Structure formats: structure tokens, C-alpha cells
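Right, one structure below, let's go through it.
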Amino acid sequence: MPILIACSPSTGSSLLRRILNRHSKVYCGPETSLFAKKGLYEDWDNQKHNIFKRAFNGLPNLGWHHLIGVNLIEDTELTKENIIDLVNESNSFTSFIDSYYKAIFKIVNKEVWVEKTPSNAFAVSYFLDLFPDGKVIHIIRNPYDTIASLVNRGMSTYNATAVYLLNVSQVLNVRDKHKVMLVKYEDLVSNAQKCISNVCDFINVNFESTMLENSGNEKGIDHMDGWQYKETQAVGNKSVGRFEKLTSKQKNLMHTCIQNLRSQLETDCHSIENICNLLDYEFLSNNYQPTNLFWFKKDMIIDKVKRSFKNAFFKRKNYPLKWK
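Written as C-alpha cells, this is what we have:
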């Protein structure tokens with residue numbers, strides 16, 4: 000069964016990935032960006048040879064985050080030449096994906112694959128059309144804590160608010176509970192066994208207690224600047240309430256952006272307030288003193304200009320955001 004994790008960054012998706020990858024039958028490796036490429040869904044024959052290109056004529060990710068190219072080799076023991084052979088032998092995107100994961104399964108001795116890339120948020124409909132038996136896990140987190148975490152990782156308040164609003168609202172457009180499972184980060188860290196047991200039921204595998212234990216030899220980066228914990232540590236709730244640890248100035252800036260930024264895309268959730276109402280998070284409408292929007296408007300103008308010179312999915316002509 001093909002399974003996708005789609006989300007905003009900093010919602011606990013990396014933690015969830017590691018937990019799932021500890022299952023004896025589940026392979027959930029590093030982010031590939033493979034499923035975030037619109038061209039591969041729509042025109043495999045003409046676009047497949049652009050998979051590894053990183054320059055302007057490469058394949059950009061769908062959505063807000065600008066990334067060209069894919070990561071299909073890390074932690075797989077496959078080579079670029081192996082992947083190119085699979086691409087050349089495949090007459091469709093689905094046949095390539097099938098061949099790619101079968102090659103990995105031979106190495107890791109597993110049989111179910113899950114792929115986690117935040118930009119998958121914009122590819123959910125494409126994915127479910129391509130894989131009628133596919134499923135999507137949408138991990139969410141309090142918007143204030145998520146945006147605070149992204150800012151602590153080095154993002155601007157504008158960029159952090161934008162990626163949360165756009166990614167989450169896009170996945171929420173698909174509300175088939177039989178195909179899309181909503182997982183709250185707060186539930187994951189407060190009662191990991193119950194939460195992961197439910198996820199296992201959703202993807203049709205048995206829960207294994209070892210999923211919540213660090214084997215001590217896990218590969219890959221388990222910590223980033225701004226994170227409160229390492230992914231390989233025991234599951235904990237230190238990152239819940241992250242927003243409240245900010246200074247008053249930081250809170251006011253974030254609050255101003257959250258209050259005023261709007262999505263222009265086709266969605267039922269055009270604002271963070273809409274998302275809070277739908278997901279049962281408190282919207283802090285009157286708790287902080289709003290600041291001037293001037294600098295945020297400047298951020299938007301600069302971002303539009305930069306995107307005009309990149310092979311980005313969103314550019315000036317289809318820019319997805321506006322101010323209230």
C-alpha cells in the first residue's frame with residue numbers, strides 16, 4: 000500500500016518518520032521530494048529525464064518551498080546509475096515507483112513504504128488519483144507552536160506563517176477519512192503508543208513496541224538548530240507550548256502576521272483562524288498588541304521578486320498569498 004506523509008514543516012513529521020521506519024515491515028526513509036513533482040504525474044515520458052537536474056530546467060517542488068531535484072539515494076545503498084536504469088526501464092510514474100521501492104525492499108527486507116516530504120501537501124490529490132489504494136497521513140500541530148519552531152530554525156516570521164498556512168490548508172482540502180488520517184503532534188507526544196497504534200491500524204500493519212524504542216544505530220540527522228529534542232530520544236512533550244517561550248516582541252510580530260495573512264488558493268481555510276477553528280486549536284485573536292504590517296508587506300514584495308528569478312512553482316503571476 001502506497002503511503003504519503005503530507006504536512007507543514009516542524010509539525011513532528013520527522014519524528015513520525017523515524018517511528019514508522021522502526022517497524023519491521025515499514026520503510027520510511029529520508030525526504031525524497033519525488034511525489035512533489037507535478038511534471039512526473041502529468042508527463043512522465045517527457046519529464047522523467049529531468050529527475051536529477053538541479054538547475055533552472057530541473058523539476059521544482061509543488062507548493063511554497065522552493066526545491067529542484069530529488070533525493071533518491073541517501074540511506075538506500077542504491078547508486079545514481081541504478082536509479083537512471085530504473086527510470087529508463089519505466090514506462091510510467093507508477094512503474095518507476097514500484098521498481099524503486101522493490102529495489103529498496105531487497106536491501107532493507109521490508110514490504111510497505113511511506114514517504115515524507117512536507118511539499119507532499121500540494122500533491123495529495125495527484126497521489127490519490129495515481130494510487131487508488133494509497134493513503135495519506137497528515138500530521139498537524141498547533142499553528143503558533145509550529146511557526147515559533149520554524150522561526151527558531153531561522154525562518155522569517157512571514158515565511159514560517161506562509162508555509163504553515165499553505166501546506167495545512169491544502170491537505171485539509173481532501174477530507175476523505177478513509178484515505179487521509181489526521182494525526183495531532185500533541186497526541187503523539189502525550190500518548191505515543193495509542194497514537195501510533197491508530198496509525199498502524201490505518202496503514203494495515205500491527206503495532207510493534209519497538210517502534211517507540213531507539214535502536215541506537217539509526218542513520219540520518221536527528222537534530223536541527225531550534226529543536227527542543229533529538230528525534231532518536233524518547234518521545235517527549237518539551238516542544239508543546241513553544242509559542243509561550245517567545246519574547247513579547249516575537250509574539251506580537253507573529254500574531255500580526257497570523258492575523259493578516261490570507262491564502263488566495265482554492266481552499267476552505269484561507270487563514271490561520273480558519274485552520275484553528277477546524278482543528279480545534281485556540282486562535283489568539285485578542286491576546287497580543289498588533290505591530291505595523293510594513294515590514295511584512297516588504298517581505299512579500301521581496302519574495303515575489305526572488306521567485307521571478309527562480310524556477311519556483313509559485314511566482315509573481317500565481318502568488319498564493321495576500322494581506323487581509
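The sequence shown begins at 0 in this note's numbering and counts up one residue at a time. The beta-carbon is built from N, C-alpha and C at its ideal position, and this holds for glycine as well. Predicted, not measured: the structure shown is a model, and the values here were computed from it.
- Tell me whether His137 is buried or exposed, calling it buried when 16 or more other Cβ atoms sit within 10 Å of its Cβ. buried
- Which listed residue (Met0, Gly62, Gly57, Pro131) has its alpha carbon closest to that of Tyr318: Between Tyr318 and the set Met0, Gly62, Gly57, Pro131, the nearest pair of CA atoms involves Gly62.
- Item | Top-ranked residue by Cα proximity to Pro1, from Val86, Ser98, Ser168, Arg53 | That would be Ser98, whose Cα lies nearest to the Cα of Pro1.
- Message: How far does the alpha helix (DSSP H) with Val188 in it extend, from its first residue to its last?
- Response: Counting along the chain, the unbroken alpha helix (DSSP H) around Val188 starts and ends at 184 to 189.
- Item | For Lys134, the first and last residue of its enclosing beta strand (DSSP E) | 134 to 139
- Cys268 in three-state terms, based on DSSP: Three-state result, Cys268: coil.
- Query: Under the three-state reduction of DSSP, which class applies to Pro324: helix, strand or coil?
  - Reply: Here the chain covers residues 0 to 323 and nothing more, so residue 324 does not appear.
- Item | Whole-angstrom distance between Ile96 and Cys6, CA atom to CA atom | Using only the alpha carbons, I get a separation of about 21 Å.
- Under 6 Å Cβ to Cβ from Leu15, same chain only, skipping five residues before and after it: list those, please. Ile138
- If we count Cβ pairs, one from each stretch, closer than 8 Å, do we get three or more for the segment 32 to 50 versus the segment 290 to 297? no
- Apart from the five residues on each side of it in sequence, which residues of its chain come closer than 8 Å, Cβ to Cβ, to Lys338? Nothing in the structure corresponds to residue 338, since the chain is present only between 0 and 323.
- Message: Using only the alpha-carbon positions, how far apart do Glu265 and Val173 sit?
- Response: 12 Å
- Query: Taking the alpha carbon of Arg53 as the point to measure from, which residue in Val204, Pro289, Ser148, Asn310 has its own alpha carbon closest?
  - Reply: Asn310
- Task: Can you grab the Cα-Cα spacing for the pair Val204 / Phe121, in whole Å?
- Result: 26 Å
- Task: Quick one: grab the DSSP three-state call for Tyr26.
- Result: Looking at Tyr26 - three-state DSSP - the assignment turns out to be strand.
- Do the segment 137 to 151 and the segment 177 to 196 make contact, defined as three or more Cβ pairs closer than 8 Å? yes
- Should Val25 and Val111 be called a contact, given that it needs their Cβ atoms to be closer than 8 Å? yes
- Task: Measure the alpha-carbon distance for His65 versus Phe313 and round it to whole angstroms.
- Result: 9 Å
- What is the DSSP secondary structure of Ile50, counted as helix, strand or coil? coil
- Query: Enumerated in chain order, which unbroken segments of the alpha helix (DSSP H) with a length of 4 residues or greater are wholly contained in the segment 267 to 300?
  - Reply: 271 to 278
- Host alpha helix (DSSP H) of Ala5 (start-end): No alpha helix (DSSP H) holds Ala5; the beta strand (DSSP E) holding it covers 2 to 6.
- Excluding the 5 residues preceding and the 5 following Tyr125 in the sequence, name in chain order all residues of the same chain whose CB lies nearer than 6 Å to its CB. Taken in chain order, the residues that qualify are Tyr40.
- Which class does Met253 belong to by DSSP, given the choice of helix, strand or coil? helix
- Item | Leu252 to Gly153 span [Cα, whole Å] | 15 Å
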